[in-house]
Amino acid sequence: MLVSYLFLREYWWLIISLLAGLLVFLMFVQGGQSFIFSLPRNDMQRKMVVNSLGRKWEFTFTTLVTFGGAFFASFPLFYATCFSGAYWVWMAILFSFIIQAVAYEYRSKPANVFGTGVFDTFLFINGCLGPFLIGVVVATFFTGSDFSLDLFNRVTWGSGWHGLEALINPVNLLLGLAVLFLARVLGLMYLGNSIDDAELTQSIRKALLRNAIPFLLFFLAFVGFILLGKGYRADAVTGEVSLVKHHYLHNLLGNIVILFLFAGGVVLVLCSLWLGIVRGSRKAIWFAGSGTVPVVIALFLLAGYGETAFYPSSSDPESSLTLAMASSSYFTLKTMMYVSFIIPFVVAYIWYAWKSINRKRIDTEEMAGEGHMY
Amino acid sequence: MIENIDLSLVNWSRAQFALTAIYHWLFVPLTLGLSFILAFMETIYVRTGDEMWKKITKFWMTLFGINFAIGVATGIILEFEFGTNWSNYSWFVGDIFGAPLAVEGIMAFFLESTFVAVMFFGWNKVSKKFHLASTWLVAVGANLSALWILVANAWMENPVGMVFNPDTARNEMNSFREVVFNPVAVDKFLHTVTSGFVLASVFVVGISAWFLIRKREEMLAHRSIFIAGIFGLVSALLVAFTGDTSARTIAKVQPVKFAAMEALYEGKTDAGLTVIGVLTDSGERMGEKKVHDMKLKIEVPRLLSIMTTGKSDGYVPGLKDLINGNPGKGILSVTEMMERGRYARQVLTDYKMAKELGDNDSMAGLAAKFEDRDFIDNYFRYFGYSYFEHPWQVIPSVPVTFYAFRVMVGLGFFFILLFVLALWFHRRKTLEKNRWFLWLALLAIPLAYLASELGWIVTEMGRQPWIIQNLMPVHVAVSNISSGAVQTTFWLFAVLFTALLTAEISIMIKQIKTGPKH
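Heads up: the protein sequence lines correspond to chains A and B, in order. The numbers in the working numbering rise by one with no breaks, and the one at position 286 of the first sequence is 286. The numbers in the working numbering rise by one with no breaks, and the one at position 378 of the second sequence is 1378.
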């Protein structure tokens, strides 16, 4: 055995965490969409905003799909439990992404039946609902859900609301709102970097301050709650799951890598806010992205590593999912590990293609041209 | 829970999956084929420098983009539906089924989505060669994604490369190679993507024919018919070939589905292949299932025996043999399979109970059975049959499978003829003179969609009641949610997808009428 089963489980949890980090960063697309009715002052500005975001929406979409596929392959019991249990939340998330996928291509096409306004509303709905609900679902990794598993790992969900009950837990709402405002901040920074329009740049800078403050407040409140409150500890020997005070704080302080990722990421995000708001720098998005990804990875590692139930059951602790009980077999994880070695290659060609079509900022001249337009 | 399953929930869950899959498949085949047609056209443009080819490529690319967007939109739900609506299935086979899905995301979706952006927005931003490479990579990415999802789908029809783990109560992969090179997967991939090529070619030929009918964009139409005609003809011949190999494989691994496709109730030697026929109620019953007679039958003598066994006097089992058993031919009855499956399930239950009680001695003895070849081959392989109460429950809908198969095959041969005629008239420069053909080509577009959907209906309806052949019936796989919740999402999807399809068709027609930008 070249690598241990434990290593493979943790390796795949790291891949899941990385995909989650990239997904949250790429939700700058959703964040930008949430400004579609408020930021642009005229149709040309709206066209620039939509076309700027429209060249990236597929990356976010694909990352979400891959995130789901990777979860299915590596932790199928989570896939089975969370997706069926929190049925309505996932359906709402998926609906919002379905309407997004057609909105860019169809919004400005003649004979689109429903009119540009409807497709723009689709983008707005996805922009608000997508990040918020994904944040709420991820918060349940820390706050728990009401479910139980039988001998054959079949799921029974306690609440007839099937996931919507997560919306009445204030801690879940804190992360949902934090992710929403983070996406909006990232969206503003991205638009600031990709559009060449003085008036829009000014509007972006003002909006950045208004959205950075709630983001910081919601994020700090959520982090405060989970670090200072109780966490779901899974005993490594007996497998017994119990609520332990400061469990996630112990995880954070007990693992130097997680601590470094978290602290370093937070510093980079703060730097980006300073650059964007105070200095008006277009480079803020790169700092924000470089900070967001490690912070999200750190949060996921807090939930999964170090004798922790990553998807806890609040009503039946023994049904809580740990990396060990929810994972695929050794053989599958190992095979998938080999597949994952192509990820750096994938990232490299995405980077190259991204750079090659983003050499020049979007401006009114390009929007008046003949090229493919949204 | 399983024993008290709500059939309304099962039916609505099936209906929802069928609805979303059928909608998704309205858009996928065009993406698979048109992406290659775009790549061929752009290659000619880059090699010749002829701006007309660029204009032609961009015209079809606009239609590609309209179709691609809704294909992506309708696709996301399918992946997540395995978890939301089929959670017991997701756990039972996630160890195997999830891997191809993840590979699809990492390997194919990113390739497709990255380079589709370059393809649309890169015309004046990247070099000609890089743009051409991007167009080819979109085609490769789209077809690679088809490969992986079809590998996963094929595994459900012929589960290979796995062992059952009683501790986790699920199947676990032990050979990725066997999963990928599963004979059903190979046949399915080749048959499905080439059928997508045919649909796209019919689409291009049909739209081009419309331009010729309207005496517009003649050069675009002629050149497009030439490219799509060749691509379509080669693909249609491959579809026929892969369809044949696919049917042979089905005869081996899913004999009940095969018998339903042929509406063959009585097994026989020297079996003829029914070309067409009309099914009528014979009055006889197999449990609650009707037995059908065949009227107005046109048959090619002995061909079915030859195709399935390689011998003109080969024996082809019918549904009655497969349900009631035929000891002379080594066919077990379903009743016997149900008994053996129940024994296997009891062994698993006993093992789980012993584990709960910490009874290590019993556990060791029971666990050993799951490594015993005799138990695996003669009992556990029938595990899924334990969930049925009556043998007839394993019979799929014969009329649906029989007719869908025949219409699909008939249309497949019609498309071969269509492409031959298109190339013939193109070569003779008589396309415009044969207006009947132009109309025929235009009217063939919906038929291509019909054939494509019918292919999936044969595959998926024909393998009912199984979600995983012999291991898990559909009704066991469903999530434990309320039937009302699934009904609600079914109607939400029905309304949303219909609205989006309406917009798509309207935009597509408008773009076609507008024609290429001058």
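Yeah, the Cβ is synthetic: ideal placement off N, Cα and C, and Gly gets one too.
Next on the checklist: Rounding to the nearest angstrom, what Cα-Cα distance links Lys1058 (chain B) and Gly187 (chain A) in this structure?
Outcome noted: As a working mapping, residue 1058 (chain B) is identified with position 58 in the second sequence. As a working mapping, residue 187 (chain A) is identified with position 187 in the first sequence. Their backbone Cα atoms lie some 31 Å apart in a straight line.
Next on the checklist: Give me the chain B residues within the contact set of Ile357 (chain A), using Cβ-Cβ distance strictly less than 8 Å, ordered along the chain.
Outcome noted: On the first sequence, residue 357 (chain A) is found 357 positions in, with the first residue counted as 1. Ordered by position in chain B, the residues that pass the 8 Å Cβ test against Ile357 (chain A) are Ala1117, Val1118, Phe1121, Gly1122, Lys1125, Val1126.
Checklist entry - How about Leu19 (chain A) and Ala70 (chain A): do their beta carbons lie closer than 8 Å? => result Here residue 19 (chain A) corresponds to residue number 19 of the first sequence, with the count starting at 1. Here residue 70 (chain A) corresponds to residue number 70 of the first sequence, with the count starting at 1. Yes, these two residues count as a Cβ contact at 8 Å.
Item to check | Residues from the segment 1133-1145 of chain B in contact with chain A, defined by Cβ distance under 7 Å | outcome: none
Checklist entry - If the cut is a Cβ gap below 7 Å, which residues of chain B does Phe331 (chain A) touch? => result What you label residue 331 (chain A) is simply residue 331 of the first sequence in a count that begins at 1. Near Phe331 (chain A) (Cβ distances below 7 Å), the residues of chain B are Glu1172, Met1173, Asn1174.
Next on the checklist: Can you pull out the residues from the segment 1466-1483 of chain B whose beta carbon lies closer than 8 Å to at least one beta carbon of chain A?
Outcome noted: Ser1479, Asn1480, Ile1481, Ser1482
Item to check | Rounded distance between the beta-carbons of Ile99 (chain A) and Ile389 (chain A), thought under 8 Å | outcome: As displayed, chain A neither begins before 1 nor continues past 374, which places residue 389 (chain A) out of reach and without an answer.
Checklist entry - Buried or exposed: Asp1095 (chain B), going by 16 or more other Cβ atoms within 10 Å of its Cβ? => result On the second sequence, position 95 is the one that residue 1095 (chain B) refers to. Burial call: buried.
Checklist entry - Do Ala207 (chain A) and Leu273 (chain A) have their CB atoms nearer than 8 Å? => result Counting from 1 along the first sequence, the entry for residue 207 (chain A) is found at position 207. Counting from 1 along the first sequence, the entry for residue 273 (chain A) is found at position 273. No, the Cβ-Cβ distance between Ala207 (chain A) and Leu273 (chain A) is not below 8 Å.
Item to check | chain A contacts from the segment 1089-1102 of chain B (Cβ-Cβ distance under 9 Å) | outcome: Tyr1089, Ser1090, Trp1091, Phe1092, Val1093, Gly1094, Asp1095, Ile1096, Phe1097, Gly1098, Ala1099, Pro1100, Leu1101, Ala1102
Checklist entry - Among A:Val278, A:Ile357, A:Leu209, which one has its Cα closest to the Cα of Ala194 (chain A)? => result Counting from 1 along the first sequence, the entry for residue 194 (chain A) is found at position 194. Checking the displayed sequence, the identity of residue 194 (chain A) turns out to be Ser instead of Ala. For Ser194 (chain A), the nearest C-alpha among the options comes from A:Ile357.
Checklist entry - What residues in the segment 1317-1339 of chain B bring their beta carbon closer than 8 Å to a beta carbon of chain A? => result none
Item to check | Strand pairing of His1292 (chain B), partner residues [DSSP] | outcome: Position 292 of the second sequence holds residue 1292 (chain B). His1292 (chain B) pairs with B:Asp1281.
Checklist entry - According to DSSP, what are the bridge partners of Ile1505 (chain B)? => result As a working mapping, residue 1505 (chain B) is identified with position 505 in the second sequence. Answer by DSSP bridge pairing: none, since Ile1505 (chain B) is not bridged.
Next on the checklist: Tell me the rounded alpha-carbon separation between Arg999 (chain B) and Phe1380 (chain B).
Outcome noted: It is not possible to answer for residue 999 (chain B), since the shown part of chain B is limited to 1001 through 1518.
Item to check | Closest Cα partner of Gly371 (chain A) within the set B:Phe1121, B:Ile1509, B:Glu1217 | outcome: If you number the first sequence from 1, residue 371 (chain A) lands on position 371. Ranking B:Phe1121, B:Ile1509, B:Glu1217 by Cα distance to Gly371 (chain A) puts B:Phe1121 first.
Checklist entry - When you compare each of B:Ala1154, B:Met1337, B:Asn1143, B:Lys1215 to Gly1384 (chain B) by their alpha carbons, which one comes out closest? => result Position 384 of the second sequence, counting from 1, holds the residue named residue 1384 (chain B). Measuring from the Cα of Gly1384 (chain B), the nearest candidate turns out to be B:Met1337.
Checklist entry - Under the rule that 16 or more other beta-carbon atoms within 10 Å means buried, what is Asn1143 (chain B), buried or exposed? => result As a first step, residue 1143 (chain B) must be located in the second sequence, where it is residue number 143. Answer is buried; the Cβ neighbour count reaches 16.
Checklist entry - the segment 294-312 of chain A: which residues have C-beta closer than 9 Å to a C-beta of chain B, in chain order? => result none
Next on the checklist: Quick check: the Cα distance between Val1151 (chain B) and Ala1485 (chain B), rounded to an integer number of angstroms?
Outcome noted: Residue mapping note: residue 1151 (chain B) aligns to position 151 of the second sequence, counting from 1. Residue mapping note: residue 1485 (chain B) aligns to position 485 of the second sequence, counting from 1. Their Cα atoms are separated by approximately 31 Å.
Checklist entry - Is there a Cβ from chain B that is less than 8 Å from the Cβ of Val113 (chain A)? => result Taking the first sequence and counting its residues from 1, one reaches residue 113 (chain A) at position 113. Yes, Val113 (chain A) counts as interfacial toward chain B.
Item to check | Residue closest to Ala1451 (chain B), alpha-carbon to alpha-carbon, out of B:Arg1435, B:Met1408, B:His1475, B:Val1420 | outcome: As a first step, residue 1451 (chain B) must be located in the second sequence, where it is residue number 451. Comparing Cα positions, the closest option is B:Met1408.
Checklist entry - Counting along the chain, where does the beta strand (DSSP E) carrying Leu243 (chain A) start and finish? => result Here residue 243 (chain A) refers to the residue found at position 243 when the first sequence is read from its first residue. That run of the beta strand (DSSP E) goes 241-245.
Checklist entry - So which residues of chain B does Phe105 (chain A) contact, with C-beta pairs closer than 7 Å? => result Within the first sequence, residue 105 (chain A) is the residue found at index 105, counting from 1. For the record, residue 105 (chain A) in the displayed sequence is Glu; it is not Phe. Gly1065, Ile1066, Ala1069, listed in chain order.
Checklist entry - Looking only at its own chain, which residues have a Cβ that is under 8 Å from the Cβ of Glu1389 (chain B), when we skip the five neighbours before and after it? => result Numbered from its first residue, the second sequence carries residue 1389 (chain B) at position 389. Hits under 8 Å: none found.
Checklist entry - How should Thr1074 (chain B) be labelled, buried or exposed, when 16 other C-beta atoms within 10 angstroms of its C-beta is the threshold for buried? => result Translated into positions along the second sequence, residue 1074 (chain B) becomes position 74. Buried.
Checklist entry - Could you give the C-beta distance for Gly1232 (chain B) and Val1193 (chain B), rounded to a whole number, given that I count them as a contact under 8 Å? => result Against the second sequence, residue 1232 (chain B) aligns to sequence position 232. Against the second sequence, residue 1193 (chain B) aligns to sequence position 193. Contact flag wrong, Cβ pair sits at about 14 Å.
Checklist entry - What's the gap between the Cα of Gly1267 (chain B) and the Cα of Lys1257 (chain B)? => result As a working mapping, residue 1267 (chain B) is identified with position 267 in the second sequence. As a working mapping, residue 1257 (chain B) is identified with position 257 in the second sequence. When rounded, the distance between both Cα atoms is 14 Å.
Checklist entry - Would the segment 61-81 of chain A and the segment 1081-1100 of chain B be scored as touching if the rule is three or more Cβ pairs under 8 Å? => result yes
Checklist entry - Name the DSSP bridge partner or partners of Met1162 (chain B)? => result Taking the first residue of the second sequence as 1, we reach residue 1162 (chain B) at position 162. The partner list for Met1162 (chain B) (beta bridge, DSSP) reads B:Met1173.
Item to check | Among B:Phe1115, B:Leu1264, B:Ile1149, nearest to Trp1136 (chain B) - alpha-carbon criterion | outcome: On the second sequence, residue 1136 (chain B) is found 136 positions in, with the first residue counted as 1. Comparing Cα positions, the closest option is B:Phe1115.
Checklist entry - Is there a Cβ from chain A that is less than 8 Å from the Cβ of Glu1042 (chain B)? => result Counting from one through the second sequence, the residue named residue 1042 (chain B) turns up at place 42. Cβ-Cβ to chain A under 8 Å: no for Glu1042 (chain B).
Item to check | Boundaries of the alpha helix (DSSP H) in which Ser1224 (chain B) is found, first to last residue | outcome: Looking up residue 1224 (chain B) in the second sequence gives position 224. 1218-1253 is the span of the alpha helix (DSSP H), which, as asked, contains Ser1224 (chain B).
Checklist entry - In terms of alpha-carbon separation, which member of B:Val1476, B:Met1286, B:Gly1310 lies closest to Leu1322 (chain B)? => result Within the second sequence, numbered from 1, the residue matching residue 1322 (chain B) stands at position 322. Nearest C-alpha to Leu1322 (chain B): B:Met1286.
Next on the checklist: Considering only the alpha carbon of each residue, which of A:Leu175, A:Met325, A:Val339, A:Met373 lies closest to Val237 (chain A)?
Outcome noted: Mapped onto the first sequence, residue 237 (chain A) falls at position 237. Selected option, being the one with the closest Cα: A:Met325.
Next on the checklist: Am I right that Phe386 (chain A) and Leu174 (chain A) are in contact with their C-beta atoms under 8 Å? What's the rounded C-beta distance?
Outcome noted: Limits of chain A in this structure are 1 at one end and 374 at the other, which puts residue 386 (chain A) out of reach.
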